[in-house]
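Residues in the sequence shown are numbered from 22 upward in steps of one, following our numbering. What follows is a short report on a single structure.
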Amino acid sequence: MDATFIVILVIALALFFDFTNGFHDTANAMATPIATGAMKPKVAVTLAAILNLVGAFLSTEVSKTISHGIIREGGDGGVSITPELIFAGLLGAIIWNMLTWLLGLPSSSSHALFGGLIGAAIVGIGFTAIDSGQLLSKVILPAVLAPLTAGLIAFLATRIVYAITRRYDGKPDGRPGFRYGQIFTSSLVALAHGTNDAQKTMGVITLTLVAVGAQSADHTEPQFWVILVCALAIALGTYVGGWRIIATLGTGLTEVKPAQGFAAETSTAATILASSHLGFALSTTQVASGSVIGSGLGRRGSKVKWGTAGRIALGWLMTLPAAGIVGGLAAWVAHNFGTVGLIIDAIVGFGAVLFIYLWSRRSKTDFVEAAVADVAESAFAVDIPEEIEPKPIPARIEARLEAQAEAKAEAKAEAKAEAKAEAKAEAKAEARAEAQAQVAADADAQTDSTEGDKR
22 MDATFIVILV
32 IALALFFDFT
42 NGFHDTANAM
52 ATPIATGAMK
62 PKVAVTLAAI
72 LNLVGAFLST
82 EVSKTISHGI
92 IREGGDGGVS
102 ITPELIFAGL
112 LGAIIWNMLT
122 WLLGLPSSSS
132 HALFGGLIGA
142 AIVGIGFTAI
152 DSGQLLSKVI
162 LPAVLAPLTA
172 GLIAFLATRI
182 VYAITRRYDG
192 KPDGRPGFRY
202 GQIFTSSLVA
212 LAHGTNDAQK
222 TMGVITLTLV
232 AVGAQSADHT
242 EPQFWVILVC
252 ALAIALGTYV
262 GGWRIIATLG
272 TGLTEVKPAQ
282 GFAAETSTAA
292 TILASSHLGF
302 ALSTTQVASG
312 SVIGSGLGRR
322 GSKVKWGTAG
332 RIALGWLMTL
342 PAAGIVGGLA
352 AWVAHNFGTV
362 GLIIDAIVGF
372 GAVLFIYLWS
382 RRSKTDFVEA
392 AVADVAESAF
402 AVDIPEEIEP
412 KPIPARIEAR
422 LEAQAEAKAE
432 AKAEAKAEAK
442 AEAKAEAKAE
452 ARAEAQAQVA
462 ADADAQTDST
472 EGDKR
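This is how it looks when you write it as structure tokens:
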């Protein structure tokens, strides 16, 4: 099969993966602000698409991790990965994503991509194709630490926010200021998503170009046209997917309050932006989920639902090896049967995706609910009491408050009495002045009358 055709096929598949990533991850940025009423759905989706587009141009460190970090491509001790193996890895990621969607299992598109590429490279070339140091430092450790870090930051931020605004006094939860703040924080999450997730597809396409000699292995930056098409794909996916996803956001995250959502989004954005700068290829869904769980625990009286949290964690842990197995099988077929194997992979992959989609229609699986499941389910991993009792006030403080209230009431009564007395005195003075004026007027009139009689 012509190499150019294979490259075009791989690029098209990579952009499709990028599109579905944006389609799926609209919820990461816009779940909480729409659920809390901070933003209208139309504005939220449009803003998310624009900021994903902008974010894709801000950094390329994650792209370098994919194209020149995990797989030893070129250079001293490097290997020669083929477009066929990259195609197999992408196929493994897409099939695993579709399967987890059908089964309703939590998953990560990013880790599915890593797993598919790693599995394909190991089967097609061997373990020497993988840079274990880069894999550990850039993918595995961030995958474990990033959600925990985001959760801890969100927990502390929620505690601080609730303490400052005195949310434990029994008043209704959620001040308007936090809704306005969520406009900024959710926008920051959308921007951060573009800086991390769009770059993964850039890295895959760059890896393909290096594999066929269209780009030097020493040149780590993705070409401008690669950045542009990947940015457009993820932005379009965000915009198209958002219109369907917003329909169920109000049900999945009803427990998220404005102050809590503000803290969760701040934590998510900070974690993703810092990781993108360092070249860490994260699962933005996992980071968002960790932040939602952490912010939920930050509310007083909450506790972890270990069954739900364990199910989410199990889905995360399964994604990388499972996608690796699927990608490895596809790579084995392509590696051993050449062009015929690649055609078999394409047919089987297309058939699997079509079968899963048709089966989902038969079983009435809702794609929209599945798209927000990862983030929405995180809100249910924390048990939050419906009504939080206010903290009991110590007796000495209560007595002091009562004394202050009594003193204030007495001062108010005294001021009122003084004002009344002053008004009464002023009225008497005015009446006296009027009487004196009348007497003077009568006297003048009598004098005038007497003088007239004398004349």
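Glycine is no exception: its CB is placed at the ideal position from the N, C-alpha and C atoms. Given the structure is predicted, the values throughout are model-derived calculations rather than measurements.
- The criterion of a C-beta distance shorter than 8 angstroms is not satisfied by residue 111 and residue 164.
- If you check the CB distance, residue 50 and residue 211 come in under 8 angstroms.
- In the pairwise beta carbon analysis, the stretch 316-327 is classified as not touching the stretch 86-93: fewer than three pairs are separated by under 8 angstroms.
- When the Cα atoms are used, residue 299 and residue 293 turn out to be separated by approximately 10 angstroms.
- In the structure shown, residue 364 adopts helical secondary structure according to DSSP, grouped into three states.
- Here the alpha carbon of residue 353 sits roughly 22 angstroms from the alpha carbon of residue 130.
- In this chain, the alpha helix (DSSP H) harbouring residue 279 covers 279-299.
- Residue 288 is a Cβ neighbour of residue 175, given a cutoff of 8 angstroms.
- Here residue 39 is near residue 254, since their CB atoms are less than 8 angstroms apart.
- Contact check for residue 109 and residue 348: beta-carbon distance about 6 angstroms, within the 8 angstroms limit, so the pair qualifies.
- Here residue 71 carries a helix assignment [DSSP, helix/strand/coil].
- If you compare the alpha carbons of 237, 427, 150, 102 with that of residue 355, the shortest gap goes to 102.
- Assignment of residue 91 by DSSP, reduced to helix, strand and coil, places it in the coil class.
- Going by DSSP, residue 180 is part of the alpha helix (DSSP H) stretching over 162-185.
- Here residue 151 carries a strand assignment [DSSP, helix/strand/coil].
- Under the three-state reduction of DSSP, residue 61 is assigned to coil, being neither helix nor strand.
- Secondary structure of residue 324 (DSSP, three-state): strand.
- The C-alpha of residue 155 lies about 28 angstroms from the C-alpha of residue 331.
- For residue 241, the secondary structure class from DSSP, reduced to helix, strand or coil, is coil.
- Inclusion of residue 213 and residue 328 in the CB contact set at 8 angstroms is not warranted, their separation being larger than that value.
- Considering only 239, 306, 142, the residue with the shortest C-alpha distance to residue 168 is 306.
- Put simply, of 424, 312, 73, 184 the residue whose alpha carbon is nearest the alpha carbon of residue 286 is 312.
- Per DSSP, residue 309 is one residue of the alpha helix (DSSP H) stretching across 305-318.
- No Cβ-Cβ contact shorter than 8 angstroms links residue 344 with residue 43.
- Within the same chain, Cβ atoms closer than 7 angstroms to the Cβ of residue 291 are found at 174, the five residues on either side in sequence being excluded.
- Under the DSSP assignment, residue 144 falls in the alpha helix (DSSP H) whose first and last residues are 130-145.
- Per the C-alpha coordinates, the member of 32, 119, 136, 54 positioned closest to residue 302 is 136.
- A Cβ-Cβ distance of about 6 angstroms is found for the pair residue 284 and residue 182, placing them in contact under the 8 angstroms criterion.
- Here residue 103 carries a coil assignment [DSSP, helix/strand/coil].
- Rounded to the nearest angstrom, the Cβ distance from residue 151 to residue 143 is 7 angstroms, consistent with a contact under 8 angstroms.
- Taking the Cα of residue 308 as reference, the smallest distance to any Cα among 132, 92, 91 is reached at 132.
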